[in-house]
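K.L.:
Position in the sequence shown counted from 1, then plus 1, gives you this note's numbering.
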Amino acid sequence: MTTTRRADMFLDLKDDPRENGPTLADERTALVEYLRCVRLTLEMKCSGLDAEALARRSVEPST
């Protein structure tokens, strides 16, 4: 049996605000749940960053 390993960059599972949504859902419900999870993930990644860090480019433009 394999185990899923979670990245250590965020929170413990018990402190993670993201929850697994419904496993069976209509298209709209599934999409809304997916977007909620993505938004929470972005919020977690950006928490604690100041305005300068938020504005900094992670990669320089190619042109």
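Just so you know, even glycine gets a beta-carbon here, dropped at the ideal spot from N, CA and C.
Is there a Cβ of chain C sitting closer than 7 angstroms to that of L41, yes or no?
P.N.:
The chain inventory of the structure shown lacks chain C, comprising one protein chain alone.
K.L.:
Given a cut-off of 7 angstroms on the beta-carbon distance, is the pair P18 and L41 in contact?
P.N.:
Contact flag set, yes.
K.L.:
Do you know offhand how far D13's Cα is from D27's?
P.N.:
30 angstroms
K.L.:
Tell me the rounded alpha-carbon separation between L55 and M45.
P.N.:
13 angstroms
K.L.:
Looking at the structure shown, is R57 part of a helix, part of a strand, or coil, going by DSSP?
P.N.:
coil
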